[in-house]
Amino acid sequence: MDFDVITIGAGHNGLVTSAYLAQAGYRVAVFERRDIVGGAVSTREIVPGYRFDLGGSAHILIRLTPVVEELQLERFGLEYLELDPLFFAPYADGDSIFIWRDVDRTCDGLERSFTGEGDAYRRFHEEWLPFARAVKEAFLSSPGPLELGRAMAFNPALKLDWKRALPMILAPYGEVAERYFNEEKVRTPLVWMAAQSGPPPTEPLTGPFLLWHPLYHEGGVARPRGGSGMLTQALARCIEHHGGRVFTGAPVDEILVRSGRAHGVRVGNERYTARAVVGAAHALETLGRLLPPEHRPPETRAMRVGNGFGAILRLALNRPVRYADHPGDEARTALQLVCRDTAQIRASYADYLRGEPAQDPPIVAMTFSAVDDSLAPPGHEVLWLWGQYYPYALSGGNSWDDIAEREADRLLDAFERVAPGTRDSVVGRLFQHPLWLERELGLLRGNVMHLEMSLDQMFALRPAAGFAGYRSHLRGLYLTGASTHPGGGIMGASGRNAARVVLKDLERRRS
Ligand SMILES: Cc1cc2nc3c(=O)[nH]c(=O)nc-3n(C[C@H](O)[C@H](O)[C@H](O)COP(=O)(O)OP(=O)(O)OC[C@H]3O[C@@H](n4cnc5c(N)ncnc54)[C@H](O)[C@@H]3O)c2cc1C
C-alpha cells in the first residue's frame, strides 16, 4: 500500500504531525504499536467504573499553542475543562497557598498570608512575563543553532536588563526562587513545578524552568473531559476525517531505505511505501532500532536517556479526598503540590543519585473527578499521586518487580500526612514505576521526556547536534516527539513544527 506520509507511533506529537498533513490533503497513515492511540497521552478504565490516565494528565503547554484551534479538535470531540485554582499547596501546620489563574487574586491571597510575598509574586510575574512569552515563541519554531539567543537578544518586546537577567537565566532555578521570595512556603510550590521538567533545583543553567512560571497564568491548566486520552482520540478522528488511516496494534519492525532515502516501513510481513516517513517514537527506537544497522547514525550513542524520572500511583477511592485543613472543593480542583519544602526535593534527588526511590517523596496530587464526573462513579474519586525522583536502575541489586508495592505504599503514606484516612477509601490501584512505563508505554528507562531535559540536549541539540530541525541524516526520514525540540510534556509543538518541515519538503518535491 502506498501513502504520501507514514508516521511511526501515535503519541500525541505523531498524531499532531499527521493531522496537519492530512488536513493539507496528503494521504497519511499512522502505525501504532499499542492497541490504542495516544502513547503517554491515553486513558483507560482500569478499575471498573474508574477511568485512569496512563501518562500525562495536566494539559498546560498545549494550551499555549494554536494546535487545538488550527486542527479544530473541538469538532472531533475534545472539550477542555479549565482548572482554577491552578495550584494548591497544603502544609502540615494548616497554612496553604493557592495560585489562581488570575494574577491579582493570587497576589492578594499571598499578601494576606505572608506580608511582602504577594508583592514579590507580582514583581516576579511582571519582570519575567515577556521572557516567558519569548520562550513560548521559541517552542513554536524549528531550533536553529542560535535560535533562542536570537529570539532573546533581538526581541524589543523583552525589555530585559541583561546585566540582571542573565545571572537569573544561568542560575539553578532553586536559587532564582530564593532571590525573589523570602517565604519558603511560597518558594516551594514554584520550585516543585519547575522540577517537573526533570533537572533538580541545584542544576546550573536551569533558571528558565522557573522563569516561565508566568505562562501558567496565560494558558492556564486544563483537562479534556473524559480523560487526557480524549485529546489523542480527537486527533485520530481528525486524521480519519481528512482521509488518513490510523492503524493500532501495528508495530513497525523496520524502516525501508533505498539509495540513501527512507521510502516506507515494514509491519510484520507487510510493506508500506511513502514519500516521507516520520519517526514519532523515541529517537532511539527510530534511529537506533528501526533503521537497518548500516544506516544507524553514530549520534544515537550520545543521546542521554538518564536513569528514570518519576512514578505515579493511580487510586480509585469510594469518596472524595479530604485534606485535613481544607475540606472544600477548591483544593481538589487544583494541581495539589504536596511538598514540605525545597529541602525535601533536594533530599529526594539525593536518594535518586544513590539509585534509591525517593524515601520521602514530594507529590503532585490530582483529583480530576472534582471537575469531570465521567472519571469515577457519583460521589467517588480518582486520586493520582505523582512522585519524583525514581531511578530505573536500582542500587543493591533491587528490581522494580520486587519493590513496587512497597514504594506505592510509601507514596500513599506521604499523602496521608496531609489527607489522613485516604487509605481507608481506596478500592483499586495501579502503580506505574519506571520499568512499567518502559514496558507498557515504550518510555525507555522510564523517562517521560524521552531524553533528559538538560541544556546540552535542548533546542538545536535535541535529540543530537545535526538532528534538530526535524530532518534526519536520511532523505525522506523525519523526527518528531518528545525526543525533539522542545522536548517532553503534552504540547504538540514538536508535532506542529515537524509538520511544517515535512510540508515544505513535500511541496518542494511536488513543484
Ligand atoms: C505518568 C506520566 C505522567 C506525565 N504527566 C504529565 C503532565 O501531567 N503534563 C504534561 O505536560 N506531561 C506529562 N507527562 C509527559 C508527557 O505525557 C510526554 O512527554 C508526552 O506525552 C510524550 O508524547 P510523544 O508524542 O512525544 O511521545 P509518546 O507518547 O512516547 O509516543 C510515542 C508512540 O510511539 C509508539 N511506538 C514506539 N515504537 C513503535 C513502533 N516500533 N511502531 C509503532 N509505534 C511505536 C509508542 O507506543 C507511543 O504510542 C507525563 C508522562 C507520564 C508517562
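So for the sequence shown, our numbering puts the first residue at 287; every next one is plus one. Don't be surprised by glycine CBs; every beta carbon is placed ideally from N, CA and C. Quick caveat, the model's predicted, so the values are computed rather than measured.
Could you tell me if the beta carbon of residue i falls within a distance shorter than 7 Å of some heavy atom in ligand 1?
{"i": "proline 537", "result": "yes"}
{"i": "glycine 755", "result": "no"}
{"i": "phenylalanine 701", "result": "no"}
{"i": "serine 343", "result": "yes"}
{"i": "arginine 805", "result": "Past the edges of the chain, shown from 287 to 797, lies residue 805, and the structure says nothing about it."}
{"i": "isoleucine 346", "result": "yes"}
{"i": "asparagine 593", "result": "no"}
{"i": "arginine 319", "result": "yes"}
{"i": "valine 787", "result": "no"}
{"i": "alanine 520", "result": "no"}
{"i": "leucine 727", "result": "yes"}
{"i": "glycine 515", "result": "no"}
{"i": "leucine 350", "result": "no"}
{"i": "valine 563", "result": "no"}
{"i": "glutamine 718", "result": "yes"}
{"i": "isoleucine 455", "result": "no"}
{"i": "glutamate 331", "result": "no"}
{"i": "valine 354", "result": "no"}
Would you report the Cα separation of residue i and residue j, rounded to the nearest angstrom?
{"i": "glutamate 642", "j": "proline 677", "result": "6 Å"}
{"i": "alanine 597", "j": "serine 545", "result": "44 Å"}
{"i": "proline 376", "j": "leucine 570", "result": "40 Å"}
{"i": "isoleucine 649", "j": "arginine 561", "result": "46 Å"}
{"i": "proline 494", "j": "glycine 773", "result": "14 Å"}
{"i": "alanine 520", "j": "alanine 536", "result": "20 Å"}
{"i": "phenylalanine 425", "j": "leucine 350", "result": "10 Å"}
{"i": "aspartate 379", "j": "glutamate 469", "result": "15 Å"}
{"i": "valine 787", "j": "tyrosine 466", "result": "40 Å"}
{"i": "serine 428", "j": "alanine 784", "result": "8 Å"}
{"i": "leucine 476", "j": "leucine 727", "result": "29 Å"}
{"i": "valine 323", "j": "threonine 534", "result": "7 Å"}
{"i": "glycine 682", "j": "glycine 775", "result": "32 Å"}
{"i": "tyrosine 675", "j": "glutamine 743", "result": "20 Å"}
{"i": "arginine 782", "j": "tyrosine 312", "result": "15 Å"}
{"i": "glutamate 368", "j": "serine 343", "result": "13 Å"}
{"i": "glutamate 616", "j": "glutamine 622", "result": "10 Å"}
Which whole-angstrom value is the C-beta distance of residue i and residue j, which I expect to be below 8 Å?
{"i": "alanine 602", "j": "tyrosine 336", "result": "4 Å"}
{"i": "leucine 661", "j": "glycine 513", "result": "7 Å"}
{"i": "phenylalanine 384", "j": "glycine 395", "result": "5 Å"}
{"i": "tyrosine 502", "j": "isoleucine 346", "result": "7 Å"}
{"i": "serine 780", "j": "proline 749", "result": "Going by Cβ atoms, the distance from serine 780 to proline 749 rounds to 11 Å, so no, they are not a contact pair."}
{"i": "histidine 736", "j": "histidine 568", "result": "5 Å"}
{"i": "glycine 506", "j": "arginine 419", "result": "About 15 Å; that fails the 8 Å criterion."}
{"i": "alanine 315", "j": "glycine 530", "result": "7 Å"}
{"i": "threonine 619", "j": "alanine 656", "result": "5 Å"}
{"i": "valine 302", "j": "valine 353", "result": "6 Å"}
{"i": "arginine 600", "j": "arginine 715", "result": "6 Å"}
{"i": "alanine 326", "j": "cysteine 524", "result": "Wrong, their Cβ atoms sit about 19 Å apart, outside the cutoff."}
{"i": "methionine 739", "j": "tyrosine 558", "result": "Not quite, the Cβ-Cβ distance comes to about 33 Å (not below 8 Å), so this is no contact."}
{"i": "leucine 654", "j": "arginine 509", "result": "Contrary to the premise, residue 654 reads as phenylalanine rather than leucine in this sequence. With 8 Å as the limit, phenylalanine 654 and arginine 509 qualify as a contact, their Cβ atoms being about 5 Å apart."}
{"i": "valine 551", "j": "tyrosine 764", "result": "13 Å between Cβ atoms; not a contact."}
{"i": "leucine 792", "j": "alanine 548", "result": "With 8 Å as the limit, leucine 792 and alanine 548 do not qualify as a contact, their Cβ atoms being about 14 Å apart."}
Would you mind reading off the limits of the alpha helix (DSSP H) that contains residue i?
{"i": "threonine 559", "result": "Threonine 559 -> not in any alpha helix (DSSP H); beta strand (DSSP E) instead, spanning 556-565."}
{"i": "serine 399", "result": "389-399"}
{"i": "threonine 329", "result": "Unbroken run through threonine 329 is the beta strand (DSSP E), 329-333; no alpha helix (DSSP H)."}
{"i": "tyrosine 312", "result": "Per DSSP, tyrosine 312 belongs to no alpha helix (DSSP H) and is neither H nor E."}
{"i": "valine 421", "result": "403-425"}
{"i": "tyrosine 502", "result": "500-505"}
Does DSSP put residue i in a helix, in a strand, or in coil?
{"i": "threonine 572", "result": "helix"}
{"i": "glutamine 358", "result": "coil"}
{"i": "leucine 669", "result": "strand"}
{"i": "methionine 652", "result": "strand"}
{"i": "phenylalanine 745", "result": "helix"}
{"i": "serine 780", "result": "helix"}
{"i": "histidine 581", "result": "helix"}
{"i": "glycine 596", "result": "strand"}
{"i": "aspartate 339", "result": "strand"}
{"i": "phenylalanine 467", "result": "coil"}
{"i": "glutamine 630", "result": "helix"}
{"i": "proline 494", "result": "helix"}
{"i": "glutamine 674", "result": "strand"}
Can you tell me where the beta strand (DSSP E) holding residue i begins and where it ends?
{"i": "tyrosine 756", "result": "Element bounds for tyrosine 756: n/a, residue is neither H nor E."}
{"i": "threonine 293", "result": "288-294"}
{"i": "glutamine 718", "result": "712-718"}
{"i": "arginine 450", "result": "Premise fails: arginine 450 lies in the alpha helix (DSSP H), 448-456, not in any beta strand (DSSP E)."}
{"i": "histidine 549", "result": "547-553"}
{"i": "alanine 375", "result": "373-376"}
Mind checking whether the beta-carbon of residue i lies closer than 7 Å to any heavy atom of ligand 3?
{"i": "leucine 723", "result": "Among the ligands modelled here, namely ligand 1, ligand 3 does not occur."}
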